[in-house]
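Numbering (the working numbering), first residue to last: 6 to 189.
(1) Could you check what DSSP says for residue 146 in three-state terms: helix, strand or coil?
(2) From residue 147 to residue 111, what does the alpha carbon distance come to, in whole angstroms?
(3) Per DSSP, what kind of secondary structure is residue 188 in: helix, strand or coil?
(4) Do you know how far the Cα of residue 85 is from the Cα of residue 137?
(5) Just tell me which of 20, 63, 67 has its CA closest to the CA of residue 47.
(6) Which one or two residues does DSSP pair with residue 153 in a beta bridge?
(7) Locate the beta strand (DSSP E) running through residue 258, then write down its first and last residues.
(8) What distance in whole Å lies between the Cβ atoms of residue 174 and residue 165, which are believed to be in contact at a cut-off of 8 Å?
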């Protein structure tokens, strides 16, 4: 409570006097006050605790703000110092680096938009050609599974193997013809 202002201290002293003047000797708080008075005491206690916390920690926000402002000013100075420095004249070391860079040749050509749209890497890039379970190249289409595409292993495991559902075992595959064109 060492950080209380004079106004807060005077407020606390005034509350103490009011509380002590209302309680006579032999009276207990339980039989002297009713529920409204208990509620008022709780509110007064809360207000007092809030005032103590404010006096103790209220300056933290102000100190944080001052720190941010000073950091902002330092960054502005640093930016001004950076913009005021002149680029140095090329030295023999930097000119050697430039010579090495010119020997590299031109940069690679940009990727064509159609190549991006159509995958550019052939049929392997088209998701329509992938197994619906593992994303490997599809080999089979199952009409009973709404034309889902499967690789050899996934079709065996889901339609033929011991863990396959009884209904799935009735499905018959047809060879899958790879799709081409725009996967989008």
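We put the CB at the ideal spot given by N, CA and C, even for glycine.
All of these numbers come straight from a predicted model, not from anything done at the bench.
By the coordinates alone:
(1) Locating residue 146 in the chain shown gives position 141, where the first residue counts as 1. In the structure shown, residue 146 sits in a strand (DSSP, three-state: E or B).
(2) Counted from its first residue, the chain shown places residue 147 at position 142. Counted from its first residue, the chain shown places residue 111 at position 106. In a straight line, the C-alpha of residue 147 is about 50 Å away from that of residue 111.
(3) Position 183 of the chain shown, counting from 1, holds the residue named residue 188. Legend: pLDDT at residue 188 = 49, less than 50; position of this residue unreliable, value from coordinates given subsequently. Coil at residue 188, not helix or strand.
(4) Position 132 of the chain shown holds residue 137. Position 80 of the chain shown holds residue 85. C-alpha separation (whole angstroms): 59 Å.
(5) Counting from 1 along the chain shown, the entry for residue 47 is found at position 42. Out of 20, 63, 67, 20 has the C-alpha closest to the C-alpha of residue 47.
(6) The residue labelled residue 153 in the question sits at position 148 within the chain shown. According to the DSSP secondary-structure assignment, residue 153 is paired through a beta bridge with 147.
(7) Past the boundaries of the shown model lies residue 258; the chain is included only from 6 to 189, so the question cannot be answered.
(8) Residue mapping note: residue 165 aligns to position 160 of the chain shown, counting from 1. Residue mapping note: residue 174 aligns to position 169 of the chain shown, counting from 1. The Cβ separation is near 7 Å, so the contact holds.
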